[in-house]
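In our numbering, the protein residues as written are -14 to 219.
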């Protein structure tokens, strides 16, 4: 059993060794091409075009990506090597350029800036209160309308937080928390709801009423505490 494991382990290492050897050989081959067609002008001594390439490591093109991107741009445009200078055949020219492009793409360090922090917009605030406190609120009663950027009101660039808006959020939090936990000393004053004088009573008056209902009145009221309530309809 030990012999079998040893053989499998050796076979498993072989592809990695082959890939490493192939990569090293490829870098050496490309180095020879660059020595012949590029470094004769772009070296420490001549510094043609202000570009020095002969001291850069082709195995780590990502360390000097900006310089190699300039090379790709010039070569793809057919501007390098310049007219009158030795130039590889078309197949070698394409292979050399493609290799450099692939190396730049492979070694590119991803740039992932953190997303901007932003406050909740009114819809998000309403949903958060519903999910956390099981309260249905209208955030428009507590907070001003949200700004938008290109039609979106949920991006960091539009959801800035001014001192006045922060005060509004603080005030809303106080009012909503009292709704959530109840007021230990409720106001004994009677609340009155009057039906609109011209409210039609021969048809369904609200989506909150059952289908095929006629007339009536829908009132939404939050009861702050458990207790006995007196409701009078007149």
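From the three backbone atoms N, C-alpha and C, an ideal C-beta is built for every residue, glycine too. Note that the structure is predicted; figures quoted are calculated from it, not measured.
Q) Comparing alpha-carbon positions, which option in 161, 177, 179 lies nearest residue 209? A) In the chain shown, residue 209 corresponds to position 224, counting from 1. Cα-wise, what sits closest to residue 209 is 161.
**Q.** Length of the line joining the Cα atoms of residue 94 and residue 143
**A.** Taking the first residue of the chain shown as position 1, residue 94 is located at position 109. Taking the first residue of the chain shown as position 1, residue 143 is located at position 158. Each residue's alpha carbon lies about 30 Å from the other.
Q.
Is the beta carbon of residue 85 closer than 8 Å to that of residue 107?
A. Here residue 107 refers to the residue found at position 122 of the chain shown. Here residue 85 refers to the residue found at position 100 of the chain shown. No, the pair does not count as a contact, with Cβ atoms beyond the cut-off.
Q.
Using only the alpha-carbon positions, how far apart do residue 82 and residue 31 sit?
A. On the chain shown, residue 82 is found 97 positions in, with the first residue counted as 1. On the chain shown, residue 31 is found 46 positions in, with the first residue counted as 1. Spanning the alpha carbons of residue 82 and residue 31 requires a straight line of approximately 23 Å.
Q: Identify whether residue 80 lies in helix, strand or coil by the three-state DSSP scheme.
A: Start at 1 with the first residue of the chain shown, and residue 80 comes out as number 95. Three-state DSSP puts residue 80 in a helix.
Q: Taking only the alpha-carbon atoms, compute the straight-line gap between residue 68 and residue 87 and give it to the nearest angstrom.
A: For the purposes of this step, residue 68 is identified with residue 83 of the chain shown, where counting begins at 1. For the purposes of this step, residue 87 is identified with residue 102 of the chain shown, where counting begins at 1. Cα to Cα, the separation comes out at about 26 Å.
Q.
Quick check: what's the CA-CA separation for residue 80 versus residue 60?
A. As a working mapping, residue 80 is identified with position 95 in the chain shown. As a working mapping, residue 60 is identified with position 75 in the chain shown. Going by the C-alpha atoms only, they are around 12 Å apart.
**Q.** Closest residue to residue 222 among 98, 110, 52 (Cα-Cα distance)
**A.** Residue 222 falls outside the range modelled here, since the chain spans only -14 to 219, and no answer is possible.
Q: Measure the alpha-carbon distance for residue 96 versus residue 49 and round it to whole angstroms.
A: Residue numbering aside, residue 96 sits at position 111 when the chain shown is read from its first letter. Residue numbering aside, residue 49 sits at position 64 when the chain shown is read from its first letter. One C-alpha to the other measures close to 16 Å.
Q) Buried or exposed: residue 38, going by 16 or more other Cβ atoms within 10 Å of its Cβ? A) As a working note, residue 38 is residue 53 in the chain shown. Buried is the call here.
**Q.** Opposing strand residues paired with residue 25 [DSSP bridges]
**A.** As a working note, residue 25 is residue 40 in the chain shown. Per DSSP, none; premise fails for residue 25.
Q: Could you check the C-alpha separation between residue 105 and residue 139 for me, to the nearest Å?
A: Your numbering for residue 105 matches position 120 in the chain shown. Your numbering for residue 139 matches position 154 in the chain shown. Taking the straight line joining both Cα atoms gives about 8 Å.
Q: Inspect the beta-carbon positions of residue 215 and residue 200 and report whether they are closer than 8 Å.
A: Position 230 of the chain shown, counted from the start, is the residue given in the question as residue 215. Position 215 of the chain shown, counted from the start, is the residue given in the question as residue 200. Against a cut-off of 8 Å, the Cβ pair of residue 200 and residue 215 comes out as no contact.
**Q.** First and last residue of the uninterrupted alpha helix (DSSP H) at residue 162
**A.** Position 177 of the chain shown, counted from the start, is the residue given in the question as residue 162. The continuous alpha helix (DSSP H) containing residue 162 extends over residues 148 to 166.
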